[in-house]
Amino acid sequence: MKGVIKYITEIYRGVITLIKGMSVTGKYFVTSSRTIVTQKYPENRKDLQMFDRFKGEVIMTHNDKNEHSCTGCGICEMNCPNGSIEIITRTEEKDGKKKKVIDKHIYHLSMCTFCALCVKTCPSNALAFGQNFEHAVFDRKQLTKVLNKPGSVLTKEISE
Amino acid sequence: MKENWLYDFSSLTATIESWLGSTFSPFWALVWEMTIIGLVFLIFYALTGLILVYAERRICAFMQNRLGPNRVGPWGIFQTIADFIKLLMKELVKIKEADKFLFNLAPFIVIIASFMAIAAIPFAKGLQAIDFNIGIFYVMAVSAMGVVGILLAGWSSNNKYSLIGAIRSGAQIVSYELSVGLALMSVVIFSGTLQFSEIVNSQADAWWIFKGHIPAIIAFVIFLIAATAETNRGPFDLAEAESELTAGYHTEYSGIKFAFFFLAEYMNMFIVASIAVTVFLGGWMPLHFWGFESFNHIMDFIPPVIWYLGKTAVVIFIMMWFKWTFPRLRIDQLLTLEWKYLLPINLVNTVVIAFLTMMKWHF
Numbered sequence: 203m204k205g206v207i208k209y210i211t212e213i214y215r216g217v218i219t220l221i222k223g224m225s226v227t228g229k230y231f232v233t234s235s236r237t238i239v240t241q242k243y244p245e246n247r248k249d250l251q252m253f254d255r256f257k258g259e260v261i262m263t264h265n266d267k268n269e270h271s272c273t274g275c276g277i278c279e280m281n282c283p284n285g286s287i288e289i290i291t292r293t294e295e296k297d298g299k300k301k302k303v304i305d306k307h308i309y310h311l312s313m314c315t316f317c318a319l320c321v322k323t324c325p326s327n328a329l330a331f332g333q334n335f336e337h338a339v340f341d342r343k344q345l346t347k348v349l350n351k352p353g354s355v356l357t358k359e360i361s362e
Numbered sequence: 397m398k399e400n401w402l403y404d405f406s407s408l409t410a411t412i413e414s415w416l417g418s419t420f421s422p423f424w425a426l427v428w429e430m431t432i433i434g435l436v437f438l439i440f441y442a443l444t445g446l447i448l449v450y451a452e453r454r455i456c457a458f459m460q461n462r463l464g465p466n467r468v469g470p471w472g473i474f475q476t477i478a479d480f481i482k483l484l485m486k487e488l489v490k491i492k493e494a495d496k497f498l499f500n501l502a503p504f505i506v507i508i509a510s511f512m513a514i515a516a517i518p519f520a521k522g523l524q525a526i527d528f529n530i531g532i533f534y535v536m537a538v539s540a541m542g543v544v545g546i547l548l549a550g551w552s553s554n555n556k557y558s559l560i561g562a563i564r565s566g567a568q569i570v571s572y573e574l575s576v577g578l579a580l581m582s583v584v585i586f587s588g589t590l591q592f593s594e595i596v597n598s599q600a601d602a603w604w605i606f607k608g609h610i611p612a613i614i615a616f617v618i619f620l621i622a623a624t625a626e627t628n629r630g631p632f633d634l635a636e637a638e639s640e641l642t643a644g645y646h647t648e649y650s651g652i653k654f655a656f657f658f659l660a661e662y663m664n665m666f667i668v669a670s671i672a673v674t675v676f677l678g679g680w681m682p683l684h685f686w687g688f689e690s691f692n693h694i695m696d697f698i699p700p701v702i703w704y705l706g707k708t709a710v711v712i713f714i715m716m717w718f719k720w721t722f723p724r725l726r727i728d729q730l731l732t733l734e735w736k737y738l739l740p741i742n743l744v745n746t747v748v749i750a751f752l753t754m755m756k757w758h759f
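Protein chains in written order, with the working numbering: chain A, 203 to 362; chain B, 397 to 759.
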């Protein structure tokens, strides 16, 4: 008798869970006009908003006074597993003190795997991920980018 | 209204038959008749296959929050046609160690099995290629032939994945044929006939799923489950199980031969759905309720073909719905489901139905 009850409750539970599963997909099907996540890319190119965590390319954030926070420490260069970052520094003399500042932060987009090690390990949060993903160019040289904008300097807070 | 050919095809087909009989000798009249029917079914077959593949891709996309094919033509409706042309152009890869004769024969057996089954299905009044007095038995016998093609395909490919897929398919169909047969038997007991046209006529007042109380509903659900397993569709698609067997029995097939297997799968789904509709949901009979005379008259205005195709579409949608909801079963779970659950329930159900019919408790 116990076995029969167990058999029937098993069937009952099975049917209930199957209906639960089908209700989930059924709900998605009915409300599909609102829940679809696929983007129709070339058509909606104008107003396409990529989500926050999208890794398009590595950029260096600059504020409106054209200041970045890269000290040229070279940690990103050391951490990059495939050598897509090269840092060229120069020494500046200020108030009789010699100081290392960044000259060029060179980023080879063609070699980058978007592993995010550089962004994570940057001690001064100078690097970030940009949302741009249309990287197709006709010349490979264009994939080598200088991340610090011309004429930009280190922000005051970090340099002091 | 009843004179219209849309509502009753028997006069139309009789006219064509008498014209052929008066124009040609009996032998050639028969040949022409068979050619016409064959051509009609061929076109119907291709069209249904294309529509079903498109529908399946769209429906599964919506269930998974995707868009599905939407580039070729408006809403992507020409996607399957483009795919079909691509398949026609593809190279037929010759397998070196394969059994060539059986390898080439297998897709034809699979497609012939589904082609033969479609002949006995009543699409509307008088729109049935051949009305056997043992229609249900014929359809079951013929559709079970498809597994021979699958087994041959698996064996002749000389590939371990193909063989495993084919053997699984064999085990699956041998088991689930029992449930399909017993579930159909319930309505055979109710209506007292194996002939499709008679079964449809017995549902003129109401469909068997309503007339037969709960046992008929149980039989319908069991039929749906077992029939899905018989057509090798998900969640019972162990025969092709992509993640384990690459593509199962049709791993080695390419081009148009692969398209045959693909088309046969969708046509089998259509056939299974139309049998479910014919037997449980009244075939081409409109929806009738007792005591709602005006409602019944409105329902009569819709042509039977529309009723038939609409109901089939609903059943096909349900089959696609659970294909895209449930994960694939393991082979032991599959056999457990059949032998420990479906079959005993079905046997008890059949006894209950026989009792109901004996006491005349059904409507």
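Note that CB positions come from ideal geometry on N, CA and C, so glycine has one too.
Quantities reported herein were computed from a predicted structural model and do not represent experimental measurements.
Any C-beta of chain B under 7 Å from that of residue i
i	result
A:S234	yes
A:V239	yes
A:T273	no
A:Y230	yes
A:T227	yes
Beta carbon proximity, residue i to chain A, threshold 7 Å
i	result
B:A461	It should be noted that the sequence gives Asn, not Ala, for residue 461 of chain B. Taking Cβ atoms only, chain A reaches closer than 7 Å to B:N461, which makes this a yes.
B:F458	yes
B:L416	no
Cross-chain neighbours of residue i in chain B, by beta carbon under 7 Å
i	result
A:M224	W717, F718, T721
Interface partners of residue i on chain B, CB under 9 Å
i	result
A:V321	The premise fails here: A:V321 is roughly 30 Å from chain B at the closest Cβ pair, so nothing lies under 9 Å.
Where residue i falls: helix, strand or coil (DSSP)
i	result
A:H270	strand
B:A516	coil
A:R255	coil
B:T476	helix
A:K300	strand
A:R236	helix
A:R247	coil
B:L523	strand
B:L683	coil
B:C590	In the sequence as displayed, the identity of residue 590 of chain B is Leu instead of Cys. Coil.
A:V339	coil
B:L488	coil
B:Q460	coil
A:C278	helix
A:Y209	helix
B:E661	helix
B:V468	coil
B:G608	coil
B:A655	helix
B:Q568	helix
B:S553	coil
B:I749	helix
Strand pairing of residue i, partner residues [DSSP]
i	result
A:Y309	A:I287, A:K347
A:M262	A:L329
B:R724	DSSP, once it has assigned bridges, lists no residue as partnering B:R724.
A:R292	A:V303
B:L827	Examination of residue 827 of chain B is not possible in this model, given that chain B is present from 397 through 759 alone.
A:V355	A:E269
Closer than 8 Å at the beta carbon, the chain A residues around residue i
i	result
B:Y557	Near B:Y557 there are no residues of chain A at all, since even the closest Cβ is about 29 Å away, more than 8 Å.
B:I455	F231
Within chain A, partners of residue i - CB distance below 9 Å
i	result
B:Y737	Y209, E212, I213, G216
Rounded Cβ spacing between residue i and residue j (contact assumed at less than 8 Å)
i	j	result
B:N466	A:T237	With a Cβ gap of about 16 Å, B:N466 and A:T237 do not count as contacting.
B:L416	B:W428	5 Å
B:L488	B:G651	5 Å
B:W680	B:V596	7 Å
B:F666	B:T708	7 Å
B:L641	B:I560	6 Å
A:Y309	A:V260	6 Å
B:Y662	B:L448	4 Å
A:Y230	B:M536	Going by Cβ atoms, the distance from A:Y230 to B:M536 rounds to 35 Å, so no, they are not a contact pair.
A:P223	B:T721	It is Gly, not Pro, that sits at residue 223 of chain A in the sequence shown. With a Cβ gap of about 5 Å, A:G223 and B:T721 count as contacting.
B:S552	B:T647	In fact, because the Cβ distance is near 12 Å, the residues do not count as touching under 8 Å.
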